[in-house]
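In this text, residue positions in the sequence shown follow UniProt numbering: the first is 1, and each later residue adds one.
We put the beta carbon where it would ideally sit given N, CA and C, even for glycine.
Presented below is the structure to which this report refers.
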Amino acid sequence: MRDRIIPLIKEERGNMLVFSLTIFTFMLLIMFTAVFNFSTVFVGKDKAMNSAQQASMGAIKNVYDAMEQAIIAYDAWAAVNFMPPISPDVAEREHSLRAANPEWAKSEVRYTAIDQVFSEQLAGRPMLMSFVLERLARAKAEIPAVVARILSANQATLENVTIFNGDDRIEVEASVRYKVNKLGLDFFPAYTDTIVQTGESRKIGFLRAL
């Protein structure tokens, strides 16, 4: 009798061990799936935020590229009308800003120089004001397409773009799609959602002078 019972007990213990290991492995898989999807949400948020920020930077570049065109147009007009050009003033201010702020990016120095000179001189130069308003209108019309193109390259979607918000910035809302990865666990609910994040450009300093 004893010889029969002992093998049965050993077999039962073996079965319990296998069962316990199976449950443990299953629980680990569930935890891994949950953590994996949780981390995916954070990755999605980061992607949406970075995409929105890049798009707002692209939009602001479009605005200041238009202002560079306005400077060129005004200088050409000034040359034939015996008026002083604006570009030397911008270049001088740019030089001063670069010397005072060596850590600034080249684009930030240039943009700030334009902001300051325009803010000081637009009121006294009607033709410069005219060129600025004309180029700015074109840039504003192009911004949605510029933003959408940048977001598309980052596999994000444009939700909304606010051109010149209350703080004189370009505000971009971008979204990415999030989907639960079941990793083979069919009992996990099928779930998709949209993660929306907002990015803002630098402040456009000359707008208040218009």
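Can you look up residue 174 in the DSSP assignment and give me helix, strand or coil? Stepping through the sequence shown from its first residue, residue 174 is reached at position 174. Three-state result, residue 174: strand.
Note the first and the last residue of the continuous beta strand (DSSP E) segment covering residue 115. Taking the sequence shown and counting its residues from 1, the one referred to as residue 115 is at position 115. Membership of residue 115 in any beta strand (DSSP E) is not indicated; the residue belongs instead to the alpha helix (DSSP H) covering 106 to 121.
With 16 other Cβ atoms within 10 Å as the buried cut-off, status of residue 10: As a working note, residue 10 is residue 10 in the sequence shown. Caution is warranted here: a pLDDT of 49 is assigned to residue 10, below 50, making its placement in the model unreliable, and no coordinate value can be reported.
Specify the secondary structure class of residue 205 as computed by DSSP and reduced to three states. As a working note, residue 205 is residue 205 in the sequence shown. Assignment of residue 205 by DSSP, reduced to helix, strand and coil, places it in the coil class.
Closest by C-alpha distance to residue 215, when choosing among 103, 162, 114 and 153: Residue coverage of the chain in this structure runs from 1 to 210, which leaves residue 215 outside it and unanswerable.
Looking at the structure shown, is residue 167 part of a helix, part of a strand, or coil, going by DSSP? Residue mapping note: residue 167 aligns to position 167 of the sequence shown, counting from 1. Taken through DSSP and simplified to helix, strand or coil, residue 167 comes out as coil.
Excluding the 5 residues preceding and the 5 following residue 163 in the sequence, name in chain order all residues of the same chain whose CB lies nearer than 7 Å to its CB. Locating residue 163 in the sequence shown gives position 163, where the first residue counts as 1. Result list for residue 163: 140, 143 and 170, in chain order.
I want to see whether chain B comes within less than 9 Å of residue 127, judged by CB atoms only; does it? Among the chains in the structure shown there is no chain B, since it carries only a single protein chain.
Delimiting residues of the beta strand (DSSP E) encompassing residue 195: Numbered from 1 along the sequence shown, position 195 holds the residue referred to as residue 195. Start and end: 192 to 200.
Identify, in the order they occur along the chain, each residue of the same chain with its Cβ nearer than 6 Å to the Cβ of residue 176, setting aside the five sequence neighbours on each side. If you number the sequence shown from 1, residue 176 lands on position 176. By the criterion of a C-beta distance shorter than 6 Å, residue 176 is surrounded in its chain by 44, 47, 48, 156 and 195, once the five residues flanking it on both sides are discounted.
I'd like to check one pair, residue 113 with residue 135: are the Cβ atoms closer than 9 Å? Looking up residue 135 in the sequence shown gives position 135. Looking up residue 113 in the sequence shown gives position 113. At least 9 Å separates the beta-carbon of residue 135 from that of residue 113.
I need the straight-line Cα distance from residue 125 to residue 70, nearest angstrom please. Your numbering for residue 125 matches position 125 in the sequence shown. Your numbering for residue 70 matches position 70 in the sequence shown. If you draw a straight line from the Cα of residue 125 to the Cα of residue 70, it comes to about 12 Å.
Cβ-Cβ distance between residue 209 and residue 123 below 9 Å: In the sequence shown, the residue the question calls residue 209 occupies position 209. In the sequence shown, the residue the question calls residue 123 occupies position 123. A contact, by the Cβ cut-off of 9 Å.
For residue 136, which of helix, strand or coil comes out of DSSP? Here residue 136 is taken as the residue at index 136 of the sequence shown, counted from 1. Helix.
For residue 210, which of helix, strand or coil comes out of DSSP? What you label residue 210 is simply residue 210 of the sequence shown in a count that begins at 1. Coil.
Using 9 Å as the threshold, is the C-beta distance between residue 58 and residue 146 below it? Translated into the one-based positions of the sequence shown, residue 58 becomes position 58. Translated into the one-based positions of the sequence shown, residue 146 becomes position 146. Their beta carbons are under 9 Å apart, which means residue 58 touches residue 146 by this criterion.
What residue range is occupied by the uninterrupted alpha helix (DSSP H) comprising residue 93? Along the sequence shown, read from residue 1 onward, the residue named residue 93 stands at position 93. Going by DSSP, residue 93 is part of the alpha helix (DSSP H) stretching over 87 to 100.
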